[in-house]
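Let me begin by presenting the structure, written as structure tokens, before commenting on it.
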Amino acid sequence: MELRLGFRITLVLVILALTLSSEKVEAQRAGKTIRIRISFVIAALEHLLYVLKSLLNLPSLGCKNVHYDLAFILDTSSSVGKENFEKIRQWVSNLVESFDVAPDKTRVAVVRYSDRPTTEFNLGQHKTLEDVKRAASNIRYLGGNTMTGDAINYTTSNIFTVQNGARPVARGIQKVAILLTDGRSQDYVLEPSKKAAKADIRMFAVGIGEALKEELEEIAAEPKKAHVFHVTDFNSIDKIRDRLRRRLCESNCLFDCCYTAEAFSSKKACLSVNLNAFSTGVLRKCFNMDTKQFTLLT
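Going left to right, the sequence shown walks through residues -27 to -1, 1 to 271 as mature numbering (1 follows the signal peptide of the UniProt record, and there is no 0) numbers them.
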């Protein structure tokens, strides 16, 4: 079903491309004019390649070439339960296998929370993948309430600091947090999430069971559809691991963008594009992007 949908989207883009003429358009962004030549066909073909790679799990550069300061924020409240928390431990252990864990590459931290947040281990405390996996298998279960907002605030203030192992901003290492919860927070999450965003922390929100979609969207970075994941129960969390891994692995270059045929055309197509690859087309809008990351044909 997903594969058929991907091909249909690409086919629509190609048909649209063939009916539209190539022009130049001036786009204003951050006070600078960027001249972009339209090429819908190439954009559509790039999208097809992305769909094939994503759905068929074709080889890619992967997370071994993407380095982060990465923090897991794990709900250990009473509603989770010890048996389910063991599945969370295994999920974390499996996910970190995607990364090249080392002091000069990806550093991993874990925060567990219920009534209050606690650091399980800091960024860079464990210097190899095996050390991180061993520590993940020993994350302690707490029980108690679900104070998610407090946990986000704690992570922003205490985990992503140079004193606790985060790299200085000048190093250009992206800060990423993956929050996993199974229910409604008993405190507010919006303001803590805004604070995290202002600190340039890219938040992924993973909800299980009764976790509210609206609350997950308040937590997650933009675009929401790329940073919110939800499954019905703990037995299903492994199903989203590959999707989340793909988002993380291509996090530095994958953005949801809208292309249009003309400067004032109402005809536009929204798709995911890899801006580390050679992308063309009229860039109408991209989310979660800095102007420095433009790599478009001019």
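Where is the CB? At the ideal position from N, CA and C, for every residue including glycine. Please read all numbers here as calculations on a predicted model, not as lab measurements.
Q: Return the first residue and the last residue of the alpha helix (DSSP H) that Pro165 is part of.
A: Leu163 to Lys171
Q. For the ligand SAH, any of its heavy atoms closer than 7 Å to the Cβ of Asn95?
A. This structure lacks the ligand SAH, and indeed carries no ligand of any kind.
**Q.** residue 272 - partner residues in DSSP beta bridges
**A.** Within the shown structure, residues of the chain are numbered from -27 to 271, placing residue 272 beyond reach of any answer.
Q.
Between which residues of its own chain and Val65 is the CB-CB distance below 6 Å, once the five residues before and five after are set aside?
A. Phe45 and Ala109
Q. Beta carbon of Leu47, beta carbon of Thr79: below 8 Å?
A. Taking C-beta atoms as the reference points, Leu47 and Thr79 fail to come closer than 8 Å.
Q.
One question on the structure: do Val204 and Glu190 come within less than 8 Å of each other, judged by their Cβ atoms?
A. no
Q | Alpha-carbon spacing of Ile192 relative to Gly145, whole angstroms | A | 23 Å
(Q) Just to check my reading of the structure: Ala199 and Ala169 have Cβ atoms closer than 8 Å, yes? What is that Cβ distance to the nearest angstrom? (A) Between Ala169 and Ala199 the Cβ distance is about 16 Å, and since that is not below 8 Å, they are no contact.
Q: Please list, in chain order, all residues of the same chain as Leu96 whose beta carbon is under 6 Å from its beta carbon, the five residues on each side excluded.
A: Excluding residues within five positions, the ones whose Cβ falls inside 6 Å are Asp42, Arg80, Ala82, Gly138 and Ala139.
Q. What is the DSSP secondary structure of Gly182, counted as helix, strand or coil?
A. coil
Q) Helix, strand or coil for Arg218 per DSSP? A) helix
Q) Between which two residues does the beta strand (DSSP E) containing Val39 stretch? A) From DSSP, Val39 is part of no beta strand (DSSP E); its letter is neither H nor E.
Q. Since Val105 is in the alpha helix (DSSP H), which residue starts that stretch and which ends it?
A. Leu102 to Ala109
Q. Could you give the distance in angstroms between the alpha-carbon of Lys167 and the alpha-carbon of Glu56?
A. 33 Å
Q. In whole angstroms, what is the alpha-carbon distance linking Asp155 and Glu183?
A. 6 Å
**Q.** Segment limits, alpha helix (DSSP H) that includes residue 282
**A.** Nothing can be reported for residue 282, as the shown portion of the chain is limited to -27 through 271.
Q. Could you give the distance in angstroms between the alpha-carbon of Ala75 and the alpha-carbon of Ile61?
A. 23 Å
Q. Secondary structure at Phe202, three-state DSSP: helix, strand or coil?
A. strand
Q. CA-CA distance, Asp104 and Asn111?
A. 11 Å
Q: Report the partner residues of Met176 according to the DSSP bridge assignment.
A: Ala150
Q) So who's on the other strand from Pro196, going by DSSP bridges? A) Bridge partners of Pro196: none, in fact.
Q) Of all the options Ala172, Glu93, Gln147 and Tyr127, which has the alpha carbon lying nearest to the alpha carbon of Val39? A) Gln147
(Q) Tell me which residues share the same chain as Glu188 and place their Cβ nearer than 7 Å to its Cβ, disregarding the 5 neighbours each side in the sequence. (A) Arg157, Ser158 and Val162
Q: Pick helix, strand or coil for Leu227, following the three-state DSSP scheme.
A: The predicted position of Leu227 is uncertain, since its pLDDT is 41 and thus under 50; a value taken from the coordinates is nonetheless stated next. DSSP places Leu227 in strand when its eight states are reduced to three.
Q: Could you check which residue in Asp173, Lys186 and Asp215 has the C-alpha nearest to that of Ala143?
A: Asp173
Q) Is it true that the CB of Ile125 sits closer than 8 Å to the CB of Val179? A) no
Q | Under 8 Å between C-beta atoms of Asp160 and Thr129 | A | no
Q.
So if DSSP puts Thr119 in a beta bridge, which residue, or which two residues, is it bridged to?
A. According to DSSP, which records beta bridges pairwise, Thr119 is partnered with nothing at all.
Q.
Along the chain, where does the beta strand (DSSP E) containing Pro141 start, and where does it finish?
A. Where Pro141 is concerned, there is no enclosing beta strand (DSSP E), given that its DSSP letter is neither H nor E.
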